[in-house]
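So the structure is just underneath, and the comments pick up after that.
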Amino acid sequence: MPALSSDAYERATGKKKSINPDTLADYRRRILSKLETYKLNRGISIHTPQEDLDPVDFTLWLMAGKKEIVSATWRVYRCALQYYLQEWHHENTEKAQQIIMGDIHNRLHGRTEGTKTRSRRDGVSKTSAKSPKRLPFRDYEALINYLRKRSRSYLAAYTADFLSASLLTALRPDEWKMTEVCFTQAQHGQGMIENRSGRPGKVWLLVMNAKATNNRANGIVRTLDLSSFSDAQIDLIHRVSSKGREQQERGLFTDFKKRLANTLEYAVKVLWTKSAQDTARKSGKNYSLYCARHQAIANWKVSGLTETEISAMAGHGNTETAESNYGRRAVGWSGGKRYPLPKGVPEEIALVEKRISYYQAMEISRKRKYSPIIPAPGI
Numbered sequence: 014m015p016a017l018s019s020d021a022y023e024r025a026t027g028k029k030k031s032i033n034p035d036t037l038a039d040y041r042r043r044i045l046s047k048l049e050t051y052k053l054n055r056g057i058s059i060h061t062p063q064e065d066l067d068p069v070d071f072t073l074w075l076m077a078g079k080k081e082i083v084s085a086t087w088r089v090y091r092c093a094l095q096y097y098l099q100e101w102h103h104e105n106t107e108k109a110q111q112i113i114m115g116d117i118h119n120r121l122h123g124r125t126e127g128t129k130t131r132s133r134r135d136g137v138s139k140t141s142a143k144s145p146k147r148l149p150f151r152d153y154e155a156l157i158n159y160l161r162k163r164s165r166s167y168l169a170a171y172t173a174d175f176l177s178a179s180l181l182t183a184l185r186p187d188e189w190k191m192t193e194v195c196f197t198q199a200q201h202g203q204g205m206i207e208n209r210s211g212r213p214g215k216v217w218l219l220v221m222n223a224k225a226t227n228n229r230a231n232g233i234v235r236t237l238d239l240s241s242f243s244d245a246q247i248d249l250i251h252r253v254s255s256k257g258r259e260q261q262e263r264g265l266f267t268d269f270k271k272r273l274a275n276t277l278e279y280a281v282k283v284l285w286t287k288s289a290q291d292t293a294r295k296s297g298k299n300y301s302l303y304c305a306r307h308q309a310i311a312n313w314k315v316s317g318l319t320e321t322e323i324s325a326m327a328g329h330g331n332t333e334t335a336e337s338n339y340g341r342r343a344v345g346w347s348g349g350k351r352y353p354l355p356k357g358v359p360e361e362i363a364l365v366e367k368r369i370s371y372y373q374a375m376e377i378s379r380k381r382k383y384s385p386i387i388p389a390p391g392i
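For the working numbering, count along the sequence shown from 1 and bump the result up by 13.
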């Protein structure tokens with residue numbers, strides 16, 4: 014039988030983890046039982062063969078019910094589904110496996126977004142949660158001008174690049190270690206010239222989601238369509254993507270990111286002088302690399318993008334995260350300060366919409382289940 018073991022386990026022990034046949038039988042029983050409930054819940058005939066069921070739809074439906082069971086029980090169901098998907102022959106099986114693997118990845122590496130600590134030059138821990146959830150245009154320009162023209166740090170140009178590229182794409186700082194810019198040529202006879210500079214074809218940014226856990230991300234990989242960006246903007250993103258991936262391949266990305274954060278922190282201290290540092294801190298000018306993501310999402314909100322589109326492009330599994338945890342619409346840049354907007358992929362946007370519909374249905378069911386029964390008048 015196929016083994017449900019990780020590459021890390023195999024490297025550490027030199028062997029694959031085997032599963033007891035009784036456990037596999039229990040996994041199958043659990044999933045088959047859930048499949049019957051899924052069919053009834055979705056109004057699907059109980060006699061519908063498995064080949065006609067969408068494994069992605071079933072996976073999202075199953076994950077929407079996580080709040081109804083304790084975490085230990087969910088882990089069993091997750092392992093059962095991971096096993097069962099290996100023999101579910103469907104064109105969407107791989108997508109379903111990516112979704113469930115994202116939940117497993119979160120268990121191993123997940124932290125609450127916005128609370129990750131980073132070390133300062135003096136060794137004192139500083140949380141990005143204390144950083145402002147905005148980056149005003151005037152302050153952004155001041156930082157970029159200083160980093161590109163005045164700073165003597167050899168990392169100043171990289172810091173400016175990472176800050177600017179994050180404002181264009183809303184990537185988390187950690188996500189630059191696993192990205193790739195892809196170019197596709199226009200088909201013969203088709204005019205796919207959507208770039209402002211006239212470049213034919215499409216430009217895509219593939220991003221490995223950093224929060225692909227606890228159902229906080231819309232799968233393991235998300236895609237941004239950059240075809241409306243200028244050559245200079247695409248070159249910037251390509252440069253940052255290549256640098257981040259290079260540092261990751263050398264095992265140096267974490268240290269590289271810390272150095273960029275320190276360079277930005279020093280720039281803030283220089284621009285808002287020592288005599289005004291206390292005032293600067295009180296006014297929220299302790300900017301971090303993550304502020305660019307907050308500002309990008311705020312810009313998307315004010316530009317008119319829907320919550321579902323923003324969630325898909327930001328790598329969220331639902332719309333509440335971007336709405337409640339990120340920059341408000343009121344702080345978004347307006348007018349000529351705006352950058353061109355990336356576009357989401359319709360399939361990923363549809364996946365967010367499906368997640369939302371399942372969570373809303375589960376929430377309604379939960380409220381009905383626990384709401385008190387009010388007797389009718391006269392009883």
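Think of the CB as a built atom: it goes at the ideal place given N, C-alpha and C, for glycine as much as any other residue.
Item	Value
First through last residue of the alpha helix (DSSP H) which encompasses residue 83	From DSSP, residue 83 is part of no alpha helix (DSSP H); its letter is neither H nor E.
Nearest-angstrom Cα separation, counted from residue 94 out to residue 45	10 Å
Cβ pair residue 159, residue 85 closer than 7 Å	no
Beta strand (DSSP E) segment containing residue 193, residue limits	192-197
Meets three-Cβ-pair contact criterion under 8 Å: the stretch 63-70 and the stretch 31-39	no
CB contact flag (residue 309, residue 344, <7 Å)	no
With 16 other Cβ atoms within 10 Å as the buried cut-off, status of residue 33	exposed
CA nearest to the CA of residue 314, picked from 183, 111, 285, 175	183
Neighbourhood of residue 52 by C-beta, 6 Å cutoff - its chain only, sequence neighbours within 5 removed	59
Outcome for residue 347 when other beta-carbon atoms lying within 10 angstroms are tallied against a minimum of 16	exposed
Residue 195, buried or exposed, once every other Cβ within 10 Å from all chains shown has been counted against 16	exposed
Which residues DSSP lists as bridging residue 238, in chain order	217, 356
Environment of residue 355 [buried if 16+ CB atoms lie within 10 Å]	buried
Check whether residue 283 and residue 174 have beta carbons under 7 Å apart	no
Straight-line gap, residue 358 to residue 303 (C-alpha atoms, nearest Å)	24 Å
Distance CB(residue 190)-CB(residue 261) smaller than 7 Å	yes
Alpha helix (DSSP H) segment containing residue 275, residue limits	266-284
Given residue 248 as reference, the closest of 216, 361, 79, 185 once Cα atoms are compared	216
Sub-7 Å separation of residue 72 and residue 109 beta-carbons	yes
Residue 48 in three-state terms, based on DSSP	helix
Where residue 249 sits in the DSSP three-state scheme	helix
Residue 350, buried or exposed, once every other Cβ within 10 Å from all chains shown has been counted against 16	exposed
Residue 140 - DSSP class collapsed to helix/strand/coil	The pLDDT assigned to residue 140 is 45, lower than 50, so where the model puts this residue is not dependable; a value taken from the coordinates is nonetheless given after this. It is a strand residue.
Given residue 267 as reference, the closest of 180, 152, 187, 245 once Cα atoms are compared	187
Neighbour-count burial assignment, residue 167, 16 or more Cβ in a 10 Å radius	exposed
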